[in-house]
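**Q** The sequence shown maps to residues 221 to 540 in the numbering used here.
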Amino acid sequence: MSRIAILVPGKIHDRVPARLQEHFELVPAGRDANGRLAIDAETAKRIRGVAVSGTVNAADIDGLPAVEVISSFGVGYDGVDVKHAASKNVVVTNTPDVLNDEVADTALALLLNTAREFPRAENWLRDGNWKPGVNYPLSRFSLKGRHVGMFGLGRIGQEIAARLEPFKVKISYHTRSRNPDVAYDYYPSLKELAAAVDTLIAIVPKTPQTHKVVDADILSALGSDGIFINVGRGWSVDEDALIAALKNGVIGAAGLDVFYDEPNVPAGLLDLPNAVLLPHLASGSVPTRNAMADLVVDNLISWFQQGKPLTPVPETPVKA
Ligand code: NAP
Ligand code: 8YV
Numbered sequence: 221m222s223r224i225a226i227l228v229p230g231k232i233h234d235r236v237p238a239r240l241q242e243h244f245e246l247v248p249a250g251r252d253a254n255g256r257l258a259i260d261a262e263t264a265k266r267i268r269g270v271a272v273s274g275t276v277n278a279a280d281i282d283g284l285p286a287v288e289v290i291s292s293f294g295v296g297y298d299g300v301d302v303k304h305a306a307s308k309n310v311v312v313t314n315t316p317d318v319l320n321d322e323v324a325d326t327a328l329a330l331l332l333n334t335a336r337e338f339p340r341a342e343n344w345l346r347d348g349n350w351k352p353g354v355n356y357p358l359s360r361f362s363l364k365g366r367h368v369g370m371f372g373l374g375r376i377g378q379e380i381a382a383r384l385e386p387f388k389v390k391i392s393y394h395t396r397s398r399n400p401d402v403a404y405d406y407y408p409s410l411k412e413l414a415a416a417v418d419t420l421i422a423i424v425p426k427t428p429q430t431h432k433v434v435d436a437d438i439l440s441a442l443g444s445d446g447i448f449i450n451v452g453r454g455w456s457v458d459e460d461a462l463i464a465a466l467k468n469g470v471i472g473a474a475g476l477d478v479f480y481d482e483p484n485v486p487a488g489l490l491d492l493p494n495a496v497l498l499p500h501l502a503s504g505s506v507p508t509r510n511a512m513a514d515l516v517v518d519n520l521i522s523w524f525q526q527g528k529p530l531t532p533v534p535e536t537p538v539k540a
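Here it is, written out as structure tokens:
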């Protein structure tokens with residue numbers, strides 16, 4: 221019996237094709253100069269599943285007449301046209317929860333590095349500046365006594381908040397709907413949250429509603445001692461406004477794992493001493509990326525063996 225054909229467009233974690241090969245026919249594909257999937261029409265007709273880290277657009281879905289399921293690597297699935305997939309009854313899955321701890325750990329590290337300037341201090345030491353009687357300057361900021369505003373309090377946001385509690389900071393949050401199960405103060409708008417806190421942590425998805433919502437107005441409300449941390453998506457930030465705010469003392473410092481146009485980080489950010497910048501690595505440990513890769517494969521196995529995906533996205537036509 222012929223094996224079910226699974227398309228793998230572009231690069232993905234090595235463990236995905238390695239495990240897929242045990243169960244399916246693997247069809248790797250690049251893209252042509254126009255961004256179209258580089259597979260012939262006969263092969264396209266046989267594709268029933270997709271394993272992807274990145275983009276699957278409406279044209280891709282239209283070009284795969286037999287596709288049933290798109291298994292996306294990562295909890296954020298903004299690269300996949302989920303609305304179009306749903307309109308064609310195509311199931312989309314993501315990799316939630318298995319990365320919560322790693323991303324929350326990274327958020328805390330990034331916050332501490334930003335407030336206490338540890339990366340700069342290490343560079344200072346490596347550059348040979350530590351001499352008898354010459355010490356690295358005291359950090360302007362401390363985490364002590366801060367009021368942290370969580371912009372997003374979902375799976376990962378709640379893990380970040382749980383890690384913040386032992387640091388004895390006050391925690392508040394803004395989301396579209398109040399969570400009755402948490403005791404933190406709720407603010408119905410991002411502006412009100414930013415005005416109330418001195419530290420803002422963004423962990424929201426890339427959606428039309430979150431585009432550049434952290435803008436000059438929000439940064440000004442955060443204030444001159446303000447620290448802004450982003451581990452969600454660069455899409456949510458007006459980077460020009462952020463650069464200006466960091467440069468002009470409108471806020472104090474920022475720690476960013478994500479950028480608007482990755483991997484292109486604006487020179488204006490690279491030049492700033494009060495920004496800590498990471499190359500989108502919040503989930504980037506071997507164990508966590510292995511768990512994400514396994515969930516990509518297990519979703520496909522579950523769909524084709526049990527007729528049920530393990531972790532469908534909320535927009536998808538089939539529930540787990
Ligand atoms: P989640 O459980 O779906 O939580 C999303 C949170 O954002 C919820 O609290 C949601 O609350 C809030 N939210 C969504 N839209 C909003 C809006 N327009 N205004 C205010 N709040 C809004 O997702 P998650 O698993 O925590 O992941 C969150 C995002 O983090 C992912 O989508 C991904 O983009 C990003 N991420 C980044 C990395 C990294 O490597 N840096 C790793 C993992 C995830 P309401 O629905 O009530 O508004
Ligand atoms: C991954 C992420 O780095 O899960 C997400 O939404 O942003 C990260 O965990 C990314 O998906 C891998 O490309």
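Ideal Cβ placement from N, Cα and C applies to all residues, glycine included.
Measure the alpha-carbon distance for Leu-491 versus Ala-464 and round it to whole angstroms.
**A** Sequence inspection shows Asp at residue 491; the Leu mentioned does not correspond to that position. Taking the straight line joining both Cα atoms gives about 12 Å.
**Q** Got a sec, what are the start and stop residues for the alpha helix (DSSP H) Leu-501 sits in?
**A** That residue, Leu-501, is in no alpha helix (DSSP H); it is neither H nor E in DSSP.
**Q** Can you name, in chain order, every residue of its own chain whose Cβ lies under 6 Å from the Cβ of Ala-278, other than the five neighbours on each side?
**A** Cβ within range, chain order: Asp-301, His-304.
**Q** Check Lys-390 in the structure and name its three-state DSSP category.
**A** Of the three classes helix, strand and coil, the one that applies to Lys-390 here is strand, per DSSP.
**Q** Which residue comes first and which comes last in the beta strand (DSSP E) that contains Thr-313?
**A** It spans 311-313 - the beta strand (DSSP E) in which Thr-313 sits, taken as one unbroken run.
**Q** Buried or exposed: which applies to Gln-378, given that a residue is buried once 16 or more other Cβ atoms fall within 10 Å of its Cβ?
**A** Answer is buried; the Cβ neighbour count reaches 16.
**Q** So, with DSSP's three-state summary, where would you put Ala-249?
**A** Correct three-state label for Ala-249: strand.
**Q** If I'm right that Ala-271 touches Val-506 with Cβ under 8 Å, what's the distance once you round it to whole angstroms?
**A** That pair is no contact at about 19 Å.
**Q** Quick check: Val-295 and Thr-326, are their CB atoms within less than 7 Å of each other?
**A** Contact flag unset, no.
**Q** Quick one: measure Cβ to Cβ for Ser-307 and Ala-335, integer angstroms, because I've assumed they're closer than 8 Å.
**A** Incorrect: roughly 46 Å between the Cβ atoms, too far for contact.
**Q** Within this structure, are the beta carbons of Ala-324 and Ile-290 separated by less than 7 Å?
**A** No, the Cβ-Cβ distance between Ala-324 and Ile-290 is not below 7 Å.
**Q** State the DSSP-derived secondary structure class of Ile-259, mapped to helix, strand or coil.
**A** In this structure, Ile-259 counts as coil in the three-state DSSP scheme.
**Q** Could you tell me the alpha carbon to alpha carbon distance between Pro-532 and Leu-319, rounded to whole angstroms?
**A** Rounded to the nearest angstrom, the two C-alpha atoms are 16 Å apart.
**Q** Cβ of Val-295 versus every heavy atom of ligand 2: is any distance shorter than 6 Å?
**A** Correct: Val-295 has its Cβ closer than 6 Å to ligand 2.
**Q** Would you mind working out which of Pro-493, Gly-475, Ile-447 sits nearest Leu-501, comparing C-alpha positions?
**A** Measuring from the Cα of Leu-501, the nearest candidate turns out to be Gly-475.
**Q** Determine the closest residue to Asp-298 out of Phe-338, Arg-235, Gln-429, Gly-255, with distance taken between C-alpha atoms.
**A** When each option's Cα is compared against that of Asp-298, the closest is Gln-429.
**Q** For a quick check, are the C-beta atoms of Val-389 and Leu-439 less than 7 Å apart?
**A** Not closer than 7 Å, so no.
**Q** According to DSSP, is Ile-226 part of a helix, a strand, or is it coil?
**A** If DSSP states are grouped into helix, strand and coil, Ile-226 belongs with the strands.
**Q** Who are the near neighbours of Pro-386 in its chain, counting only those whose CB is closer than 8 Å to its CB and skipping five residues on each side?
**A** Answer for Pro-386: no residue qualifies.
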